[in-house]
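Read through the structure below, which is laid out as structure tokens, and then see the notes.
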Amino acid sequence: MPPLIRLSGISKVRLLNWRRQAVINAMPGVKAGQIRTPWHEFWRRFRGQPVAMGAGIFVLLLIAVAIVAPWIAPFDAENYFDYDRLNDGPSMMHWFGVDSLGRDIFSRVLVGAQISLAAGVLAVLIGAAIGTVLGLLAGYYEGWWDRIIMRICDVLFAFPGILLAIAVVAVMGSGMSNVIIAVAIFSIPAFARLVRGNTLVLKQQTFIESARSIGASDANILFNHILPGTVSSIVVYFTMRIGVSIISAASLSFLGLGAQPPTPEWGAMLNEARADMVMAPHVALFPAIAIFLTVLAFNLLGDGLRDALDPKIKG
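Just so we're aligned: 195 in my numbering is position 195 of the sequence shown, and the numbers increase by one with no gaps anywhere.
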């Protein structure tokens, strides 16, 4: 039996490049630049969807605007008051008009984007992190792990999400931090069930059996072999869930359980605009449009990501 040859890192790279070139040479008429990686395939399929591309561009612009909103807003969102133009409609000076206290609505919508996006993303991020770990444990170990985790998820699923969030905020108190926690709690079971289903399928694959046969630990198998296989599903659902979280956070603020005046959060702005909706509908119109467009963009982006990552389920 010939002795084993240990290769250095550079030698391994050269060997891989040689093997890749050998495969390319064996394919007549195919050049190296024509070999597509999974990323290239994903991007090709995604950019072929104009609606999803438009939604993605809108989301990126919205995130950029939210980051710099305090610096680009023409007026102070909380401390500027124009008492000569109370409830005035859109004008050259105030693009979205003025509310009942003389505050510039355009500036408040811009700054509100930062608050609403941060609340939505943070809530989903917390829910996804906890739900993913629980789903991995339930799907991999099954048995009592699976029974306990799934029964807890069933209990949480038994209540409408917004009702559960209201109950959590009622116990913990109002404020955006508690709203984020409340929205995150009813995001956990959805991610747990999604990841559990993927884990049940992946753990039966031969590469998992191979990892076990060489003595890989459960943690290694879970986080280095199974988790990467669930990432595409998590990313798609994460994107679409942001829209749900933004609506939920805005609803709680509208009910007076979230952001409190004068914080320019979109739901809180709608709450303040209720008394003037007949005489000054623009006060509620623009925050409502901001919520609608943002949620629609995230949902369309999620649909596009799903079709690009797994074209077999398209349609």
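No residue lacks a Cβ here, since even glycine has one placed at the ideal position from N, Cα and C.
Whole-number beta carbon distance between residue j and residue i, since they are thought to touch under 8 Å
| i | j | result |
| --- | --- | --- |
| W266 | P287 | 5 Å |
| L62 | T294 | 6 Å |
| A249 | V179 | 5 Å |
| P261 | G112 | Contact flag wrong, Cβ pair sits at about 12 Å. |
| V236 | L305 | 5 Å |
| F81 | G54 | That belief does not hold up - the Cβ atoms of F81 and G54 are roughly 37 Å apart, past 8 Å. |
| F210 | L309 | Looking at the sequence itself, residue 210 is Ser, so the reference to Phe does not match. About 25 Å separates the two Cβ atoms, so there is no contact after all. |
| I234 | V195 | 7 Å |
| A158 | D146 | Not confirmed; about 18 Å, so no contact. |
Test item: CB-CB of residue i and residue j under 8 Å
| i | j | result |
| --- | --- | --- |
| A284 | L296 | no |
| A77 | S107 | yes |
| V168 | A190 | no |
| I246 | S116 | yes |
| F298 | V59 | yes |
| G256 | S174 | yes |
| A259 | M172 | no |
| I162 | S251 | yes |
| L110 | I72 | yes |
| I149 | L134 | yes |
| Y140 | L222 | yes |
| G302 | T239 | yes |
| L300 | V121 | no |
| A192 | G131 | yes |
| D99 | F75 | no |
| A184 | A123 | yes |
| L202 | G229 | yes |
| D307 | R45 | yes |
| A170 | F186 | no |
Residue i: first and last residue of the uninterrupted alpha helix (DSSP H) it sits in
| i | result |
| --- | --- |
| A280 | Where A280 is concerned, there is no enclosing alpha helix (DSSP H), given that its DSSP letter is neither H nor E. |
| G197 | I188 to L202 |
| S174 | Run containing S174: none; DSSP gives neither H nor E here. |
| I208 | T206 to S213 |
Three-state secondary structure (DSSP) of residue i
| i | result |
| --- | --- |
| P74 | coil |
| D88 | coil |
| D218 | helix |
| D104 | strand |
| V30 | Reliability fails at V30, whose pLDDT of 49 lies under 50, so the model's placement of it is uncertain and the value that follows must be treated cautiously. Here V30 sits in coil by DSSP. |
| I24 | Bear in mind that the predicted position of I24 carries a pLDDT of just 47, short of 50, making it unreliable; the figure below should be weighed with that in mind. Three-state DSSP puts I24 in a helix. |
| L305 | helix |
Check: residue i C-beta below 7 Å from any heavy atom of the ligand PLP
| i | result |
| --- | --- |
| F75 | Ligands in the displayed structure: none, and consequently the ligand PLP is not present. |
Ranges of the alpha helix (DSSP H) found wholly within the segment 111 to 167, counting only runs of at least 4
143 to 157
Just list the alpha helix (DSSP H) runs in the segment 237 to 289, keeping only unbroken ones of 4 residues or longer that don't cross its boundaries, in chain order.
Scanning the segment 237 to 289 from its first residue to its last, the whole alpha helix (DSSP H) runs of 4-plus residues come out as 266 to 273.
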